[in-house]
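Just so we're aligned, residue 341 is where the sequence shown starts under the working numbering, counting upward by one.
The structure under discussion appears below in the form of structure tokens.
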Amino acid sequence: MRKISFTAPGKLLLLGDHAVVYGKPSLVAAINKFVTVTTSDNRVKESTFVAAARKLFEQKYGPIKSGFKIVGFDSRYGLGSSAAVTVAVAKTMFKLKGIRSTNKQLFDFCYRVVLNVQGLGSGFDLAAAIWRGVIYFVTGGKKIERLPVKQLPLVVGYSGVKADTATMVKKAAKLIDSNFLKVSQTIVNQGKAAILKKDWKKLGELMNINQAVLRKIGVSTGKLERLIKAALAAGAYGAKLSGAGGGDCMIALHPDGIQGKLLVERAIKQAGGEVLKVKLAL
Ligand code: MEV
Numbered sequence: 341m342r343k344i345s346f347t348a349p350g351k352l353l354l355l356g357d358h359a360v361v362y363g364k365p366s367l368v369a370a371i372n373k374f375v376t377v378t379t380s381d382n383r384v385k386e387s388t389f390v391a392a393a394r395k396l397f398e399q400k401y402g403p404i405k406s407g408f409k410i411v412g413f414d415s416r417y418g419l420g421s422s423a424a425v426t427v428a429v430a431k432t433m434f435k436l437k438g439i440r441s442t443n444k445q446l447f448d449f450c451y452r453v454v455l456n457v458q459g460l461g462s463g464f465d466l467a468a469a470i471w472r473g474v475i476y477f478v479t480g481g482k483k484i485e486r487l488p489v490k491q492l493p494l495v496v497g498y499s500g501v502k503a504d505t506a507t508m509v510k511k512a513a514k515l516i517d518s519n520f521l522k523v524s525q526t527i528v529n530q531g532k533a534a535i536l537k538k539d540w541k542k543l544g545e546l547m548n549i550n551q552a553v554l555r556k557i558g559v560s561t562g563k564l565e566r567l568i569k570a571a572l573a574a575g576a577y578g579a580k581l582s583g584a585g586g587g588d589c590m591i592a593l594h595p596d597g598i599q600g601k602l603l604v605e606r607a608i609k610q611a612g613g614e615v616l617k618v619k620l621a622l
């Protein structure tokens, strides 16, 4: 049988974590960690997201005989491997049935799958996996706007702890108030303007403010704080956790030039973080 194959990238949340679950905007970056899904004659036991995507697809469009071979990136880092797998599998199934879909239709299908599995979530990671680049995203895909930017001076540090998004969202919900949501929304809108101007210093300042309010809703950790502090002391324009918190990764914006980048990377390593080599996936 002719093989069909699709890839989809992982993500980082630049600004707007948690607030994006509550109808507020966020800024998302797709990164060069990819999942590849290829059709296979062998049907093996499927992971939760793949099984849920198959189930929803088959309910709507009829059975899919094919299995899927999935080659991904490490799910430990919290870089959106489940969303990338969901998107790549969905694209493969649509292709197998010869159904044409727009990006938005693909998004809506995948978002339904994610809600079926975890009951909550904004879907920003799916948008990153589908549209790529840097995206201004509002909950559930109410707004998805790709920004004209081709690179960001990003450094990523893994805290060594795997966090569970659903658990963190439920934990944060208890402390999220209207002030948190208002601050987050303002920061994201200013961040969008900063990205359009390629004003990384401003974007860094906004990341620091975002981190301060995320800290208040209890989603930062001692380890993340150590990595963030080290990055800032080494000259980063800004640093924050990225995603649900409770572990996973932090991100920093390094000053211009390779030297600035190396200093921030070294500081994160010395503080006990694992530096991940990451750039935008376009
Ligand atoms: C998780 O990576 C980011 C959250 O905002 C949840 C979501 O947007 O689905 C905490």
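Where is the CB? At the ideal position from N, CA and C, for every residue including glycine.
Note that the coordinates shown come from a computational prediction; the quantities given were computed from them, not determined experimentally.
The beta strand (DSSP E) enclosing residue i, as first and last residue numbers
i	result
Ser518	Taken as a continuous stretch (DSSP letters only), Ser518 belongs to no beta strand (DSSP E), being part of the alpha helix (DSSP H) at Ser518 to Leu536.
Val474	Val474 to Val478
Asn550	Per DSSP, Asn550 belongs to no beta strand (DSSP E); it is in the alpha helix (DSSP H), Trp540 to Lys556.
Ala580	Note that residue 580 is Lys in the sequence shown here, rather than Ala. Segment Gly578 to Ser582, the beta strand (DSSP E) holding Lys580.
Leu492	Leu492 -> no beta strand (DSSP E), and no H or E assigned at all.
Asn372	Pro365 to Ser380
Glu386	Neither: Glu386 is in no beta strand (DSSP E) and is coded neither H nor E.
Thr347	Ser345 to Leu355
Residue i CB to nearest heavy atom of the ligand MEV below 7 angstroms
i	result
Asp357	yes
Ala584	yes
Thr561	no
Thr505	yes
Gly461	yes
Val360	yes
Leu352	no
Phe413	no
Val453	no
Met590	no
Phe447	no
Met508	yes
Phe464	yes
Cutoff 6 angstroms; reference residue i; Cβ partners in own chain excluding five residues on either side
i	result
Val553	Phe520 and Val523
Val489	Val474 and Ile535
Lys580	Met547, Asn550 and Gln551
Residues near residue i by beta carbon distance below 8 angstroms, same chain, minus five either side
i	result
Glu398	Ile404
Val390	Phe408, Ile410, Val425, Thr426 and Val429
Leu446	Val427, Ala430, Lys431, Phe434 and Ile470
Lys364	Gly356, Val478, Thr479, Leu521, Ser524, Gln525 and Val528
Gly587	Gly418, Ser499, Gly500, Val501, Lys502, Ala503, Thr561, Lys563 and Leu564
Glu545	Tyr577 and Gly578
Own chain partners of residue i with C-beta closer than 7 angstroms, once the 5 adjacent residues on each side are dropped
i	result
Lys542	Ala534
Gly600	Gly575 and His594
Val604	Val495, Ala571, Ala574, Gly575, Ala576, Ala592 and His594
Cβ of residue i within 8 angstroms of any chain C Cβ
i	result
Gln399	Looking at the structure shown, chain C is missing, and only one protein chain is on hand.
Extent of the continuous alpha helix (DSSP H) run through residue i
i	result
Gly466	In the sequence as displayed, the identity of residue 466 is Leu instead of Gly. Phe464 to Trp471 is the span of the alpha helix (DSSP H), which, as asked, contains Leu466.
Gly600	Gly597 to Gln610
Is the stretch 371 to 388 close to the stretch 343 to 355, with three or more CB pairs under 8 angstroms?
-> Segments in contact, yes.
Check whether the stretch 436 to 453 touches the stretch 411 to 419, taking contact to mean three or more Cβ pairs, one atom from each stretch, closer than 8 angstroms.
-> no
Any chance the stretch 448 to 463 sits against the stretch 598 to 615, with 3 or more Cβ pairs inside 8 angstroms?
-> no
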